[in-house]
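A.B. asks:
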Amino acid sequence: MENSLNQDRPRRREYSKQFKAEVLTRCAQPSASVGGVALAHGLHSNMVHRWIREQRERQAAVPPAFVPLRMPTVPFIPAALPAKQAEPAGEQSLPEVDLQIQRGELLVRLQCPLSQCGALLRELLR
Numbered sequence: 001m002e003n004s005l006n007q008d009r010p011r012r013r014e015y016s017k018q019f020k021a022e023v024l025t026r027c028a029q030p031s032a033s034v035g036g037v038a039l040a041h042g043l044h045s046n047m048v049h050r051w052i053r054e055q056r057e058r059q060a061a062v063p064p065a066f067v068p069l070r071m072p073t074v075p076f077i078p079a080a081l082p083a084k085q086a087e088p089a090g091e092q093s094l095p096e097v098d099l100q101i102q103r104g105e106l107l108v109r110l111q112c113p114l115s116q117c118g119a120l121l122r123e124l125l126r
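Residue numbers (the UniProt record's numbering): 1 to 126.
1) Would you mind listing the beta strand (DSSP E) stretches within the region 68-114 that are 3+ residues and don't spill past its ends, in chain order?
2) In three-state DSSP terms, what is Ser-45?
3) Rounded to the nearest angstrom, how far is the Cβ of Gln-55 from that of Leu-24, given a contact under 8 Å?
4) For Leu-43, count the other beta carbons within 10 Å of its own beta carbon; 16 or more makes it buried, fewer makes it exposed. Which is it?
5) Grouping DSSP H, G and I as helix and E and B as strand, with all else coil, what is Gln-7?
Now the structure itself:
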């Protein structure tokens, strides 16, 4: 008797992967609603929502496309550079600072030696 009861029951429909993929593609369209796509294909919207959820879970299980690449370490090899020739005391150039301040249409440009830059900025910011 048990077998006859199971045979009388309607079986669940099984849908092909291709059909599911087509439905999910249509649901992914910007102007599509899941309910509308489900209705157009004669499906219950809850089932289509489940397919979408399952697809997201499968995609989340896929390993990331970016895989860190280990580069072999290259040993440091010191290079000999030619010695820098010192300039005579009178010709030594001190580093200079170029300063531009613009407020609206007013533009102020200053060029001063690095040694005087601190004092100049203190005066400007007072």
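We put the beta carbon where it would ideally sit given N, CA and C, even for glycine.
C.D. replies: With the given structure in hand:
1) 96-103 and 106-113
2) helix
3) With a Cβ gap of about 6 Å, Gln-55 and Leu-24 count as contacting.
4) Buried.
5) helix
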